[in-house]
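J.: Encoded as structure tokens, here's the structure I'll be asking about.
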Amino acid sequence: MVEAADIRTCGLGGDSEVTPVGRGTTGGLTLGPRRAVPLSLLAKQWPEVKDKLAEQLAVAVPMSTDARFVMPLMPNGVPAWLTRSEARLAAKAIEMGPSSVAEIAGTQLALGAVDRLIGRGLLTLATFTPTDALHVTGDFNSFDAEAAMLGAKLIARQKTGIGQPIAETPEELARRTLSELHRRTGLALMDAALAHDGAGEMQATNNPLLANLYRMAPPARTAL
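One point on numbering: in our numbering, the residue at position 129 of the sequence shown is 303, and numbering is uninterrupted.
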């Protein structure tokens, strides 16, 4: 008999993309499944990002592109198989290097092209992540905490469906980010255990009672 490990992945971690959700009266956050370079790490490699974050924060009206940056991953130039609009955007990204999404894409159509290029691995996304949240709470300090704080302020001021900020403070945003990470991780572990016992896939995630119990549980202080 050959013994093997039962390995499952759930797309969660310190580099999961944090996306504000503006629908409804309270708003919220989603994590992943897309990976992103943490702002704190980006700033360590490209310090100019802090100036760009500060410029975005100085604008009174929050934008959906705030705290979002892209970097080209096209060492051989623009692929020939891209559409004309995607090719123009890819060429612009190569010319500009690390840039804010707002600098690269000025229209909704262009934003869609950016998402497609990220999905195809031609651009790398950098934005607020759980790693940044740990820098804000002070539980991790290997990278640039100032960039993490600026990113948290930008995400926190995004609006809910009734015009209220997603979070009152950057610290609250960081705590909610880590709480959601803990909740999703707990559900993923339960999913794996139940599936191993033959109960089927996604049993915990699709169970409203378990999902709410994890949501109500106080978050632990855990370094990623």
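Heads up, the beta-carbon is just placed ideally off N, CA and C, and yes, glycines get one too.
#1: For H370, I'd like the list of residues in its chain whose CB is within less than 7 angstroms of its CB, leaving aside the five on either flank, ordered along the chain.
#2: May I ask which residues mark the beginning and end of the beta strand (DSSP E) holding M245?
#3: By a C-beta neighbour count over all protein chains shown, 10 Å radius and 16 as the cutoff for buried, is G251 buried or exposed?
#4: Helix, strand or coil for R294 per DSSP?
#5: Can you give the Cα-Cα distance for T257 and L383, rounded to whole angstroms?
#6: From the DSSP output, which residues share a beta bridge with T193?
#7: Could you give the C-beta distance for L227 and A210, rounded to a whole number, given that I count them as a contact under 8 angstroms?
#8: When DSSP labels each residue in this structure, what does A300 get in the three-state scheme?
#9: Please classify T204 as buried or exposed, where buried requires at least 16 neighbouring CB atoms within 10 angstroms.
#10: Look up V211 in the DSSP assignment and say whether it is helix, strand or coil.
#11: What did DSSP end up calling S273 once you bin it into helix, strand or coil?
#12: Since I believe V192 is in contact with I329 (beta carbons under 8 angstroms), could you give me their beta-carbon distance rounded to a whole number of angstroms?
#13: Between A267 and chain B, is there a C-beta pair that is closer than 8 angstroms?
#14: Can you look up P339 in the DSSP assignment and give me helix, strand or coil?
#15: For L263 versus A287, is the C-beta spacing smaller than 8 angstroms?
#16: Who are the near neighbours of T298 in its chain, counting only those whose CB is closer than 7 angstroms to its CB and skipping five residues on each side?
#17: Going by Cα to Cα distance, which pick from A265, G202, A341 is closest to L296?
#18: Considering only the beta carbon of each residue, do T343 and G196 sit closer than 8 angstroms?
#19: Are the beta-carbon atoms of T303 and A276 separated by less than 8 angstroms?
#20: Taking 8 angstroms as the limit between beta carbons, can you name the residues of its chain near G374, skipping five residues before and five after?
#21: Figure out for me which residue from T359, L215, S259, S353 has the closest Cα to the Cα of R290.
#22: Alpha carbon to alpha carbon, what distance is there between E177 and E354?
T.: To lay it out plainly:
#1: Closer than 7 angstroms at Cβ, skipping near neighbours: D180.
#2: Looking at the DSSP string, the run of the beta strand (DSSP E) that includes M245 is 243 to 246.
#3: Label assigned to G251: exposed.
#4: The answer is coil: DSSP assigns R294 none of H, G, I, E or B.
#5: One C-alpha to the other measures close to 46 angstroms.
#6: DSSP output for T193 lists T204 as bridge partner(s).
#7: So it is not a contact: roughly 15 angstroms between Cβ atoms.
#8: Here A300 sits in strand by DSSP.
#9: Result: exposed.
#10: In the displayed model, V211 falls within a strand according to three-state DSSP.
#11: Correct three-state label for S273: strand.
#12: Yes, they are in contact, since the Cβ atoms of I329 and V192 sit about 7 angstroms apart, within 8 angstroms.
#13: Going by chain labels, chain B is absent from the structure shown, which holds only one protein chain.
#14: Reduced to three states, the DSSP call for P339 is strand.
#15: Contact: yes.
#16: Around T298: V211, V244, M245, L247.
#17: With distances taken between CA atoms, L296 lies nearest to A265 out of A265, G202, A341.
#18: Not closer than 8 angstroms, so no.
#19: Taking 8 angstroms as the cut-off, the beta carbon of T303 is found no closer than this to the beta carbon of A276.
#20: The residues are L368.
#21: Checked all of T359, L215, S259, S353; the closest Cα to R290 is S259.
#22: Here the alpha carbon of E354 sits roughly 34 angstroms from the alpha carbon of E177.
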